[in-house]
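Peer 1:
Chains as they are written, first to last, in the working numbering: chain L, 29 to 141; chain E, 27 to 143.
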């Protein structure tokens, strides 16, 4: 992917509310898309990935994302967040012909009681 | 399965010294590993792609003589920061891609926080 854009640097939300973290990508070829979560001072954990097939992808911890080719988007959603979801979330893309990932700038999800 | 470890998890060193960071794939083989750098509150920037048995491929702007990468086996890649300076202080994260041909994802290590004083 040539670039990955996460439109929101921070998203504050109350516990049990729904949330959407936005991600757009640009690429001239087919891409694989990923969402990762990073807790403080830790590495990245894969939430979900889109490779092909169904555009609605379900991941761990109740998260899901929808691939929209026409809008070049891969937004992450959760219907009801928990305090423990507070973390940094990264969207990433990889061109099908490349090995390396391109990351977005990250979105800090802050869940408030 | 698919665990990647890094050692050390944190290190403090004096300016001018060298520091080696290890990245290991514990339960799978990885011909290809990646080294990323992350500044506070910023995203991951790919530094280089580590290839077992051959030279690493560095991204534009990354000094290969400063950040030495050695991928000596299918489960180990090392990053050596030579003649470290305070501006090299950062969070370094490695990832590995399984050789099984089925996985399209990278597995990330827990990161190494380097502080150069």
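Backbone N, C-alpha and C define an ideal beta-carbon position, used for all residues, glycine too.
Predicted model, so just to flag it, every value in this text is computed and none were measured.
Specify whether the stretch 37 to 46 of chain E and the stretch 90 to 106 of chain E touch according to this definition: at least 3 beta carbon pairs, one from each stretch, less than 8 angstroms apart.
Peer 2: Verdict: yes, contact present.
Peer 1: Residue 167 of chain L versus chain E: which residues are under 7 angstroms apart at the beta carbon?
Peer 2: In this structure chain L extends from 29 to 141, so residue 167 of chain L is not present and cannot be described.
Peer 1: Taking the beta carbon of residue 52 of chain E as the centre, do at least 16 other beta carbons fall within 10 Å, making it buried, or is it exposed?
Peer 2: Exposed, since its Cβ has fewer than 16 Cβ neighbours within 10 Å.
Peer 1: Measuring alpha carbon to alpha carbon, tell me which residue in L/128, L/133 and L/141 is nearest residue 61 of chain E.
Peer 2: Nearest option by C-alpha distance: L/128.
Peer 1: State the Cα-Cα distance for the pair residue 64 of chain L and residue 75 of chain L, rounded to the nearest angstrom.
Peer 2: Cα to Cα, the separation comes out at about 5 angstroms.
Peer 1: Determine the chain L residues that contact residue 131 of chain E at a beta-carbon separation under 8 angstroms, and present them in chain order.
Peer 2: Ordered by position in chain L, the residues that pass the 8 angstroms Cβ test against residue 131 of chain E are 62, 74 and 77.
Peer 1: May I ask you to list the residues that DSSP assigns as paired with residue 77 of chain L?
Peer 2: DSSP lists L/62 as partners of residue 77 of chain L.
Peer 1: For residue 57 of chain L and residue 39 of chain E, I'd like the C-alpha separation in whole angstroms.
Peer 2: If I take the Cα positions, the gap works out to 43 angstroms.
Peer 1: Verify the CB distance criterion: does residue 139 of chain E have a CB-CB separation below 8 angstroms to chain L?
Peer 2: Chain L, which has a Cβ nearer than 8 angstroms to the Cβ of residue 139 of chain E, makes this yes.
Peer 1: Assign residue 116 of chain L to buried or exposed, taking buried as 16 or more other Cβ atoms, counted over all protein chains shown, within 10 Å of its Cβ.
Peer 2: By the neighbour-count rule (16 or more Cβ atoms within 10 Å), residue 116 of chain L is buried.
Peer 1: Would you call the stretch 102 to 111 of chain L and the stretch 41 to 49 of chain L in contact, with 3 or more CB pairs under 8 angstroms?
Peer 2: At 8 angstroms Cβ cutoff, the stretches touch.
Peer 1: Decide if residue 124 of chain E is buried, meaning its Cβ has at least 16 other Cβ atoms within 10 Å, or exposed.
Peer 2: It is buried - the Cβ of residue 124 of chain E has at least 16 other Cβ atoms within 10 Å.
Peer 1: Output needed for residue 92 of chain E: all residues of its chain with C-beta closer than 6 angstroms, excluding positions within five of it in sequence on either side, in chain order.
Peer 2: Only 108 meet the Cβ criterion.
Peer 1: Given that a residue counts as buried once 16 or more other Cβ atoms are within 10 Å of its Cβ, and exposed if not, what is residue 41 of chain E?
Peer 2: Result: exposed.
Peer 1: Relative to the alpha-carbon of residue 119 of chain E, which residue among E/112, E/73 and E/110 has its alpha-carbon at the smallest distance?
Peer 2: Residue 119 of chain E has its Cα closest to that of E/73, out of E/112, E/73 and E/110.
Peer 1: Tell me, which residues are paired with residue 121 of chain L by DSSP?
Peer 2: For residue 121 of chain L, which the question treats as bridged, DSSP gives the partners L/61 and L/130.
Peer 1: Alpha carbons only, please: which of L/39, L/62 and L/47 is nearest the one belonging to residue 101 of chain L?
Peer 2: It is L/62 whose Cα lies nearest to the Cα of residue 101 of chain L.
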